[in-house]
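Beneath this line is the structure, given in structure tokens, with notes to follow.
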Amino acid sequence: MGKKIYLGDLLLDNMLITQDQLNIVMARQKTTGEKFGKIVIDLDFIKEEVLLDLLSKQLDIDYVDLKNYSIRSEVVHTLPEFYARRYRAIVLANDSSQGLLVGMVDPLDLVATDELTRILKRPFKIALVREDDLLKIVDMIYRHSAKITNLAEELSAELTVTDYDIAQLGAGLSSTDAPVVKLLQTIFEDAIQVNATDIHIEPDEKILRIRVRIDSILHEQIVKEKNIAQALTLRIKLMAGLNIAEKRLPQDGRFSLKIRNLNFDVRLSTLPVQFGESVVMRLLNQSGTIHTLDQIGMPKNVLQSFRKMLTFPHGIILVTGPTGSGKTTTLYGALNELNSTAKKIITVEDPVEYRIPRVNQVQVQPKINLTFANILRSILRQDPDIIMIGELRDQETVSIALRAALTGHLVLATVHTNDSISSIVRLLDMGAEDYILASVLRAVIAQRLVRKICKKCIKPYTPTPQELLWVESLENINHHPKTFMHGTGCTYCHNTGYYGRTGIFEFLEINPTMANNLRDHVIPDLALITQTASNFESLTLSALDLIAEGVTTIAEIMRITGEDILVAPKQEV
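Taking our numbering, the leading residue of the sequence shown gets 1, the next gets one more, and so forth.
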């Protein structure tokens, strides 16, 4: 490929674009500097598949579908990350007899091929790959694990016994070049790169564990330099404005961070453990857009019923589930739909996770006695139409919420229970008057987040006997899947077989019969009516729909719902 081939001429000669389209693309290219191929695809002048097929045939090179290609991390690392991103290239194979196979987005880029020859110092064969697939793999493969280890070693070497003096170490950390700062930056960048929601820093007797939570599952990296734990914790405490001298008591704090032009709100919790302080940081992306109700995975029937409830001028709608089940996302989606110039919305949250224009959001501050109950009393004097309460956690908060709903306000709130009926029982246990609750409770949504099967490595499989027995025990033949899918594990999903999450929902609408049972405190009858209602579908049956659609697996639903059925061993005769 010594002679320069122009993609525009190639497309024009094959009558895939017109001269006018070519002129448009070239004009935009002069303005933006983007690649010709990207522009022509973005403008929808040609489909990407057609372009890839043309290049593959014209240049006589293979097209490699990275989604189905077995990627080896050590081979990819043959090319440093900087050059992989700059030249949109990835080393796919390293064969002693056949040499290197390098996937490129733009094989026509002679500058890139010359630079790759210089960097790799070996002849290589070019294959054509999709840019989106390449960038995804680059993000997955070029994790910062090695950099974290190297920086930890560097920091460990610089720390001596006297370095643990708080005043000296704190003063030394003001420089952005300090190894501890570089290590923290790398840890945060690594977490953001893999869409982690939490970072755990856990000192052990001889090692330091750094774990990140991806799609609700923790992934661990071991750092041998255990002596850096104190320096890391100190720096994080300084960033959050915590008391760096206090190591015997738990502390909570927060700070803001900007990474890759994204703004993150970091919620910090420290806990004294046997070998130091355990630090957990929750990462909240303030640059992200709030999910609408259409985007969170609600089934159409549940979404339709929920939206009907949101049109009521007063009453209480509960969203329930354990921590990390997506309750806040659902409530923010509802507020997003209700938000208008004609309605005043006030929220009481701990913490305020996302900021919504026009919505008055109040952060709970227990240290200054700004509690849920105290805030709610003041809110009722602010003439709100809609109130969102982050959590109903005590009798006083429940009482004020019921009074607000009774006096003409729509109240959205969360409570931590396992299902819809349990949330009603929890409110009664917290002192809610049954006759008032029956008058104002409109609906309860119970929900969970389940991991979705990775679309890059999804394949049919045969469930285990235990899994089949669990499905067959659900007594609903209409939901029984005909085929079952799972993920075999690949680079995209960190070899877990799962990528991303979606919700499963249980929607309970309080009808007059249920309200009467609640008013009479006949909870067993209420539960029975709920289970036999024609429009009610439990969390498990909702999840079974996702299994049937190939969205998730039996094992994942059993893990989330906590339901497990073991096959009894065969008895010998």
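Just so it is clear, CB atoms sit at the ideal spot from N, CA and C, and this is done for glycine as well. This one's a predicted model, so the numbers in the text were calculated from it and none came from an experiment.
Neighbourhood of I290 by C-beta, 6 Å cutoff - its chain only, sequence neighbours within 5 removed: Excluding residues within five positions, the ones whose Cβ falls inside 6 Å are Y332, N336 and Y354.
Reduced DSSP category for M281 - H, G, I as helix; E, B as strand; rest coil: strand
Own chain residues within Cβ distance below 6 Å of I214, not counting five before or after: Sequence-distant Cβ neighbours of I214 in its own chain, meaning closer than 6 Å and more than five residues away, are V194 and A196.
From I557, Y83 and I126, residue whose alpha carbon lies closest to that of Q98: I126
Beta-carbon gap between L268 and L242 smaller than 9 Å: Contact flag set, yes.
Reference H416; option with closest CA among H486, T311 and G321: G321
Cβ neighbour criterion (16 or more within 10 Å) applied to H521: exposed
Supposed close pair K300, E277 - CB separation, criterion 8 Å: At roughly 48 Å, the Cβ-Cβ gap does not stay under 8 Å, so K300 and E277 are not in contact.
Residue nearest to L108 in terms of C-alpha spacing, selected from D198, T540, L16 and F36: F36
Endpoints, alpha helix (DSSP H) assigned at E549: DSSP places E549 outside any alpha helix (DSSP H), giving it a letter other than H or E.
C-alpha distance - H219 paired with V444, whole-angstrom precision: 34 Å
Reduced DSSP secondary structure (H/G/I, E/B, other) of K456: coil
Beta-carbon proximity of A543 to I560, cut-off 9 Å: Going by C-beta atoms, A543 is nearer than 9 Å to I560.
Contact set for M281: own chain, Cβ-Cβ below 6 Å, skip 5 residues either direction: I199, V266 and L268
Segment contact, 8 Å Cβ cut-off, at least three pairs: the stretch 309-321 with the stretch 254-266: no
Enclosing beta strand (DSSP E) for T462 [first to last residue]: Neither: T462 is in no beta strand (DSSP E) and is coded neither H nor E.
Residue ranges of each beta strand (DSSP E) within the stretch 245-314, 3 or longer: List check, beta strand (DSSP E) in window: 251-259, 262-273 and 276-285.
Same chain only: Cβ atoms within 7 Å of E205, ignoring 5 sequence neighbours per side: F275
Beta-bridge pairing of R211 - partner residues as DSSP gives them: H200 and E220
Per-residue DSSP class, three states only, for E506: strand
Q466 - DSSP class collapsed to helix/strand/coil: helix
As assigned by DSSP and simplified to three states, the class of P569: Only weak support is given to the placement of P569: the predicted model assigns it a pLDDT of 40, under 50, and the value that follows is read from those uncertain coordinates. Under the three-state reduction of DSSP, P569 is assigned to coil, being neither helix nor strand.
Option nearest I536 by Cα separation, candidates N360, S305 and Y83: The sequence shown places Phe at residue 536, not Ile. That would be S305, whose Cα lies nearest to the Cα of F536.
Given G48 as reference, the closest of V105, Y87 and E115 once Cα atoms are compared: For the sequence presented, residue 48 should be read as Glu rather than Gly. Cα-wise, what sits closest to E48 is V105.
Cβ shell of V352 (< 7 Å), same chain only, five flanking positions each side left out: Q361 and Q363
S70 burial status per 10 Å Cβ neighbour count (16 or more: buried): exposed
Exposure of K575, with buried meaning 16 or more beta-carbon neighbours within 10 Å: No statement about residue 575 is possible, as the shown extent of the chain runs from 1 to 573 and does not include it.
Where D95 sits in the DSSP three-state scheme: strand
Separation of L92 from S325, as counted between CA atoms: 38 Å
Cβ contact (3+ pairs, closer than 8 Å) linking the stretch 509-523 and the stretch 482-489: no
Same chain, Cβ closer than 7 Å to R358, five either side skipped, listed in chain order: N339
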